[in-house]
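Worksheet for the structure shown next.
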Amino acid sequence: MKTPEEMRQLEELFHQALALDGGQRAFFMDRLRSSNPGIVAEVESLVQAYEQKASFIESPAYEAAAHVIGDSRLQLKAGQSVGKYRIVSPLGRGGMGDVYLADDPGLGRQVALKLLPDAFTADPDRLRRFVQEARAASALNHPNILTIHEIGEAEGAHFIATEFVKGQTLRHHLAKRAIEVTDVLEIAIQIASALEAAHEAGIIHRDIKPENIMLRPDGYVKILDFGLAKLTEPSVGSRLSADSEIPTVARNYTEPGIMMGTISYMSPEQARGMLVGPQTDIFSLGVVIYEMISGRTPFTGETDADVIVSILTKGPPPLRAIAAKIPGAFEEIVDKALKKEREERYQNAGELLSDLKRLKQDLLIEQRFGVTEQPTLVAARSHEDSPGVSTENVIRETGVSGRITTSRRVRPALTLVVTTVAAAVVIGGSLIWYRAGSTEAPVAPVQAAAQHTLSYFVTVQKYRDGKPYEKPFRLRDDINFERDYRLRLMVTSQQVGYLYLFNEEVAESDKIPSFIIMFPSETTNNGSAQLSENQQIQIPERTEFQFDEHQGTERIWLVWANRRLDELEVLKRFANSKDKGLVDKPEADRLAEFLRSHRPTNPSVERTEDKPETIIRANSDILVHLISLSHH
Amino acid sequence: MSLSQPNPNVTQLLARWGTGDSEALKELIPIVYKELRKLAASSLRRGRVHVTIQPTALVHDAYIKLADHKDTHWENRAQFFGLAAKLMHDIIVDEARKRFALKRGGGQLRVSLSQADRFAKTSEVELLELEDALAELAVTNPQHAQIVELRFFGGLTIEETAEVLGISHATVERSWTFSKAWLRRQLIRK
Chain A
85 MKTPEEMRQL
95 EELFHQALAL
105 DGGQRAFFMD
115 RLRSSNPGIV
125 AEVESLVQAY
135 EQKASFIESP
145 AYEAAAHVIG
155 DSRLQLKAGQ
165 SVGKYRIVSP
175 LGRGGMGDVY
185 LADDPGLGRQ
195 VALKLLPDAF
205 TADPDRLRRF
215 VQEARAASAL
225 NHPNILTIHE
235 IGEAEGAHFI
245 ATEFVKGQTL
255 RHHLAKRAIE
265 VTDVLEIAIQ
275 IASALEAAHE
285 AGIIHRDIKP
295 ENIMLRPDGY
305 VKILDFGLAK
315 LTEPSVGSRL
325 SADSEIPTVA
335 RNYTEPGIMM
345 GTISYMSPEQ
355 ARGMLVGPQT
365 DIFSLGVVIY
375 EMISGRTPFT
385 GETDADVIVS
395 ILTKGPPPLR
405 AIAAKIPGAF
415 EEIVDKALKK
425 EREERYQNAG
435 ELLSDLKRLK
445 QDLLIEQRFG
455 VTEQPTLVAA
465 RSHEDSPGVS
475 TENVIRETGV
485 SGRITTSRRV
495 RPALTLVVTT
505 VAAAVVIGGS
515 LIWYRAGSTE
525 APVAPVQAAA
535 QHTLSYFVTV
545 QKYRDGKPYE
555 KPFRLRDDIN
565 FERDYRLRLM
575 VTSQQVGYLY
585 LFNEEVAESD
595 KIPSFIIMFP
605 SETTNNGSAQ
615 LSENQQIQIP
625 ERTEFQFDEH
635 QGTERIWLVW
645 ANRRLDELEV
655 LKRFANSKDK
665 GLVDKPEADR
675 LAEFLRSHRP
685 TNPSVERTED
695 KPETIIRANS
705 DILVHLISLS
715 HH
Chain B
3 MSLSQPNPNV
13 TQLLARWGTG
23 DSEALKELIP
33 IVYKELRKLA
43 ASSLRRGRVH
53 VTIQPTALVH
63 DAYIKLADHK
73 DTHWENRAQF
83 FGLAAKLMHD
93 IIVDEARKRF
103 ALKRGGGQLR
113 VSLSQADRFA
123 KTSEVELLEL
133 EDALAELAVT
143 NPQHAQIVEL
153 RFFGGLTIEE
163 TAEVLGISHA
173 TVERSWTFSK
183 AWLRRQLIRK
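These protein sequence lines map, in sequence, to chains A and B.
Residues are numbered in the numbering used here as their position in the first sequence, beginning at 1, plus a constant of 84.
Residues are numbered in the numbering used here as their position in the second sequence, beginning at 1, plus a constant of 2.
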């Protein structure tokens with residue numbers, strides 16, 4: 085190393101040489117070579133180093149070494165370890181870090197491992213808040229919220245290990261194909277359901293966008309990155325106000341297109357840097373739904389600033405102008421979610437969820453009843469076409485008839501769980517009931533000797549704290565139902581016939597059993613018992629049964645006949661909201677007698693295993709079958 | 003306390019530091035450090051998006067965010083810039099060390115030798131080599147090293163650097179030119 089004095093000399097000679105141009109410099113160097121041969125090479129190399137790249141370290145370090153400080157992304161390779169996890173393959177790069185498929189050798193399972201960029205984990209306070217919120221969301225155990233296994237640190241790198249979801253993001257899906265209205269609804273419902281649970285727990289996602297929504301091939305929708313926005317709350321530069329809670333987005337883009345795309349889901353309050361609330365997520369979900377329907381986001385612009393201005397000041401282009409087939413009610417829902425003022429939006433995800441569910445049911449009804457070829461109107465409106473049914477009545481009654489479910493004069497064996505969605509149909513259906521009764525066409529006589537086939541399966545859904553905990557599944561074996569389990573029956577009549585279902589009340593000692601009529605009911609099949617060929621009927625149609633607290637075995641009687649059974653038809657009058665389906669004496673006694681006397685017709689019962697279903701066959705005109713479900 | 007908002011406290015701390023209160027500096031460092039880190043991260047991302055990034059000094063942003071806007075007292079600014087440049091220097095070099103260690107398979111993030119061999123001379127390596135050369139420069143000429151710190155790590159202009167150090171523009175310019183040549187040559191030699 086040189087002495088300071090040598091350095092000063094070197095520096096002086098360097099400057100002298102640098103100040104000279106070509107010929108003069110050569111002359112200067114030649115002279116130097118004879119007077120100070122030791123230093124000439126040094127000076128030459130310095131001048132050369134300078135002139136080759138005068139821009140060297142001219143850009144500040146934070147720009148020159150951009151990826152060093154700003155991007156902690158290391159491409160990990162298969163076989164490398166992060167903590168206890170072993171990398172299998174990269175899954176993708178996101179704004180909030182790279183995601184890898186990794187093995188958890190201890191538990192022998194695969195996880196998705198997300199490595200968080202250092203820039204987001206530098207602040208311990210934010211990190212702690214993120215961890216807290218992410219864990220809280222995961223702890224909700226909601227089927228539509230990605231489960232977090234671990235949030236940890238290895239070698240200074242923060243990571244999140246989550247359940248590995250096979251499938252693709254909604255972003256990928258959107259890029260590939262248009263999404264059917266019914267699928268849009270289903271996806272929206274699942275997201276809203278997750279948000280409802282999160283909001284009730286006080287957790288706001290803050291960054292709902294197609295990149296954060298995974299679609300599994302089996303139809304599950306999973307929301308990713310709950311709490312992650314907590315890591316990126318400070319603002320970007322000075323364009324936006326200081327303490328805003330901006331979605332991850334704005335500071336995470338890797339290319340302009342992505343940034344544009346992600347700013348697009350920001351709510352007005354986020355763009356303004358104001359506090360966020362449940363309505364923030366609702367707005368973003370509104371944008372996502374809008375995009376699923378129309379293929380474009382509602383607020384656009386050439387630059388981020390234009391997009392933000394659009395979010396703050398412009399109304400979304402009317403959905404039906406872009407997607408003409410969309411039900412008007414769907415547009416109304418999206419519009420309400422996209423209101424600029426938080427107060428005008430849905431106030432919580434639950435409200436949005438029930439509107440979405442109602443719309444879904446209405447569309448189903450229309451499809452089933454064939455009210456319109458294209459389901460562009462909701463059921464409430466479709467009744468306008470029916471004489472004697474006023475839209476106003478249907479809508480007004482909807483709000484109040486949720487009561488139907490709860491009170492029963494006698495301890496119920498099965499409690500009917502009725503949503504407001506079902507309630508709309510109860511009222512609508514009751515009006516249709518009488519019309520249907522009078523116009524029912526006589527059935528062509530069926531040959532007595534013909535074999536009749538009826539099949540059914542039971543769909544079970546596990547609930548927890550009143551919320552769906554798992555997706556519905558078909559009952560495969562006899563299981564012991566628990567209180568939170570809900571179920572419905574799917575019955576198919578392979579030929580035209582009449583179906584009646586009764587739930588036998590838990591018989592207390594030496595009392596004659598009482599019955600609840602499950603089908604037909606006001607809410608199902610227009611109140612008619614008649615089924616067409618291969619018609620599948622869901623019982624209850626729009627809701628589920630759930631067990632009450634009493635242990636024992638639930639007995640459900642299934643009666644099929646090739647003709648209208650007058651002795652059972654008379655029971656339909658109990659199937660109204662007032663009687664709650666409870667069959668009164670003396671009719672209950674007669675029913676007991678009917679079942680007892682027809683039971684010996686014992687049909688052949690077969691269970692298929694691959695797709696669990698029970699098939700009942702008999703050559704008689706009346707089939708009686710008992711379904712027993714035990715619960716504790 | 004939100005670090006993103008102008009923080010009058012920083013102004014006071016700077017003033018106290020200016021009068022030789024070393025406690026004030028202790029309080030100041032973590033505040034400035036955090037803010038710089040955040041700004042660096044966001045500025046870099048901006049850098050990749052907008053091709054025409056303005057060479058706005060990061061430290062200016064930090065100063066504007068941290069200190070009271072109304073406070074334009076030059077002494078404070080100069081002090082602040084000096085401090086910020088030093089902190090940025092630490093942040094960036096620490097980061098480079100960490101990443102370098104990670105890549106070379108320190109601890110659990112281990113890569114096989116053959117994989118490690120394939121790593122080209124990356125910017126971390128370059129940055130760490132620069133750091134070595136800068137340390138060497140500091141031994142023989144501390145002011146040169148300080149000017150590099152202010153210019154390269156602090157992002158200050160020639161004029162600002164001159165103000166912070168209380169020397170002439172010409173001196174800064176001359177020093178800067180030489181340091182660049184010298185540092186670059188050291189790097190080429192390696």
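Backbone N, C-alpha and C fix where the C-beta goes; we use that ideal spot for every residue, glycine too.
Here the structure is a predicted model, which means the values were calculated and not measured.
Would you mind stating whether residue i and residue j have Cβ atoms separated by less than 8 Å?
| i | j | result |
| --- | --- | --- |
| B/Leu27 | B/Gly84 | no |
| A/Gln274 | A/Asn225 | no |
| A/Leu573 | A/Tyr540 | yes |
| A/Leu538 | A/Val580 | no |
| A/Ile244 | A/Leu369 | no |
| A/Phe599 | A/Ile623 | no |
| A/Ala223 | A/Gly311 | no |
| A/Trp641 | A/Leu583 | no |
| A/Glu697 | A/Phe678 | no |
| A/Thr45 | A/Leu559 | Outside the displayed range of chain A (85 to 716) lies residue 45 of chain A, so it cannot be described from this structure. |
| A/Val667 | A/Ile601 | yes |
| A/Ile699 | A/Leu707 | no |
Quick one: what's residue i bridged to in DSSP?
| i | result |
| --- | --- |
| A/Ala196 | A/Leu185, A/Thr246 |
| A/Pro552 | A/Tyr547 |
| A/Ser277 | Answer by DSSP bridge pairing: none, since A/Ser277 is not bridged. |
| A/Val542 | A/Leu573 |
| A/Lys306 | A/Met298 |
| A/Trp644 | A/Leu583, A/Leu707 |
Could you check what DSSP says for residue i in three-state terms: helix, strand or coil?
| i | result |
| --- | --- |
| B/Ala172 | helix |
| A/His289 | coil |
| A/Phe565 | strand |
| A/Ile410 | coil |
| A/Gly167 | coil |
| A/Ile141 | coil |
| A/Ala676 | helix |
| A/Leu160 | coil |
| B/Gln14 | helix |
| B/Leu189 | helix |
| A/Pro174 | strand |
| A/Ser712 | strand |
| A/Glu386 | coil |
| A/Glu90 | helix |
| A/Glu425 | coil |
Could you tell me the boundaries of the beta strand (DSSP E) in which residue i lies?
| i | result |
| --- | --- |
| A/Tyr582 | 581 to 588 |
| A/Glu234 | 232 to 238 |
| A/Met350 | First-last for A/Met350: undefined, no H or E at that position. |
| A/Ser688 | 688 to 692 |
| A/Met602 | 599 to 603 |
| A/Arg701 | 697 to 702 |
| A/Gln620 | 619 to 623 |
Between the options, which lies nearest to residue i when the distance is taken from Cα to Cα?
| i | options | result |
| --- | --- | --- |
| A/Ile377 | A/Ala245, A/Asp187, A/Asp419, A/Ser277 | A/Asp419 |
| B/Leu89 | B/Glu25, B/Ala140, B/Arg191, B/Gly157 | B/Gly157 |
| A/Gly176 | A/Gly251, A/Arg426, A/Arg639 | A/Gly251 |
| A/Gly286 | A/Glu247, A/Ala672, A/Tyr169, A/Asn432 | A/Asn432 |
| A/Ser289 | A/Glu237, A/Ile263, A/Leu359 | Going by the sequence as given, residue 289 of chain A is His instead of Ser. Considering only alpha carbons, the answer is A/Leu359. |
| A/Leu191 | A/Leu443, A/Lys168, A/Glu284 | A/Lys168 |
| A/Ala101 | A/Glu126, A/Met85, A/Arg212 | A/Glu126 |
| B/Ala80 | B/Ile160, B/Thr173, B/Thr179, B/Arg176 | B/Ile160 |
| B/Ile190 | B/Glu128, B/Ile94, B/Asp92 | B/Glu128 |
May I ask which residues mark the beginning and end of the alpha helix (DSSP H) holding residue i?
| i | result |
| --- | --- |
| A/Ser378 | 362 to 378 |
| A/Arg117 | 106 to 119 |
| A/Ser222 | 208 to 223 |
| B/Thr163 | 160 to 167 |
| A/Gln431 | Run containing A/Gln431: none; DSSP gives neither H nor E here. |
Could you list which residues in chain C have their beta carbon closer than 8 Å to that of residue i, in chain order?
| i | result |
| --- | --- |
| A/His99 | No chain C is present in this structure, whose protein chains are A and B. |
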